[in-house]
Structure formats: C-alpha cells, structure tokens
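Worksheet for the structure shown next.
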C-alpha cells in the first residue's frame, strides 16, 4: 500500500494518528483484498480485456476556491487512452474537460492504473467527475450515459486506426 496515495487536501480524521498495527490492519483487511480482487478479475478476463477505467469524483471547492474543471481525464504511465479521449471529446462540448486536472500522476493518484493496467499492457484512464454534477440519481445516470458514449466512440476510433 502506498504511504500516501495522493497529496492530502485536508486531513482525514480516520487516518490521523494511526498506530503501526492499525495501519497494518487496514493494509491486510482493505488494501490487499482490493488489490487481489483486481488481479483476479484481470487474470480471468485477460483474453478479452484491453482497457481499464477508474472513476472518481472530486470536490467543486478546493481550499475555499471554486474549481472550473468539471471532468478530468488523467493518465499514469500509459497515455494512449487519455489522449484518445481528449481527441474525441463529444461535440458540442457541454463540460469543461481537462487533461490531468484536477489531479495528475505527479499527485500519486495513478497507483491502481500503473500497478494493474500498465503492468498488464492494458490501455487505461482515470476519469474524475466534479461531484456537484452527480448529486442526484438522474444526474448520475446522465453522466454514466455521457461517459459510456464517449468511451465507446473513443474505442471505435482506436479500432479504426488499428485496422
């Protein structure tokens, strides 16, 4: 488990003052099972698997300042799919979409992508959604549809290039 998975924005009370034993318990009961589950799924599906997407949300206010970015397309070691997505942003562009914002690999957020996707030759991307855009079930469904269509369009464009 990485010591710091990202540069902390605010303290996380549940992580404050953890003893070595408490930290190790989290590693054993949360981190390792999660990582093993990912490894197992990749191994099971490897013959058909070529892309890993992780999706997260972020706060619209950072240190008291509003963030303009609405969707972030982030990459770790492998830039292929992130750059392809940026080249195929749906038109008309309804969201403020930026590459490697509000975070980037330099912030340490690409751990899962690098550990599991890049290490297995999978294209990969992390999508960050500003969480005020997905506050309701209807907004979540709308965002899921938007991202699915965008991802499918991007995959189709890559398959055309490979043909």
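Numbering (our numbering), first residue to last: 1020 to 1182.
A virtual CB, placed ideally from N, CA and C, is assigned to each residue, including glycine.
Please list, in chain order, all residues of the same chain as residue i whose beta carbon is under 6 Å from its beta carbon, the five residues on each side excluded.
i            : result
residue 1172 : 1107
residue 1177 : 1103
residue 1124 : 1095
residue 1168 : none
Looking only at its own chain, which residues have a Cβ that is under 7 Å from the Cβ of residue i, when we skip the five neighbours before and after it?
i            : result
residue 1038 : none
residue 1102 : none
So the beta strand (DSSP E) residue i belongs to, where does it begin and stop?
i            : result
residue 1074 : 1070-1077
residue 1045 : Here residue 1045 belongs to no beta strand (DSSP E); instead the alpha helix (DSSP H) covers 1039-1045.
residue 1118 : 1116-1118
Starting from residue i, trace the alpha helix (DSSP H) in both directions and tell me its first and last residue.
i            : result
residue 1086 : First-last for residue 1086: undefined, no H or E at that position.
residue 1058 : 1051-1064
residue 1102 : 1099-1106
Looking at the strands, I want to know which residues DSSP matches up with residue i.
i            : result
residue 1143 : 1071
residue 1149 : 1077
residue 1092 : 1118 and 1146
Please return the same chain residues whose Cβ sits closer than 8 Å to the Cβ of residue i, not counting the five positions on each side in sequence.
i            : result
residue 1085 : 1079
residue 1137 : 1095, 1096, 1097 and 1143
For my contact list, residue i and residue j are in at a C-beta cut-off of 8 Å; report their separation, rounded to the angstrom.
i            : j            : result
residue 1166 : residue 1145 : Contact doesn't hold; Cβ gap of about 12 Å is too wide.
Does the count of Cβ pairs from the region 1116-1136 and the region 1151-1165 closer than 8 Å reach three?
The region 1116-1136 is not in contact with the region 1151-1165.
State whether the region 1090-1099 contacts the region 1057-1072, with contact taken as three or more CB pairs (one from each stretch) at a distance under 8 Å.
no
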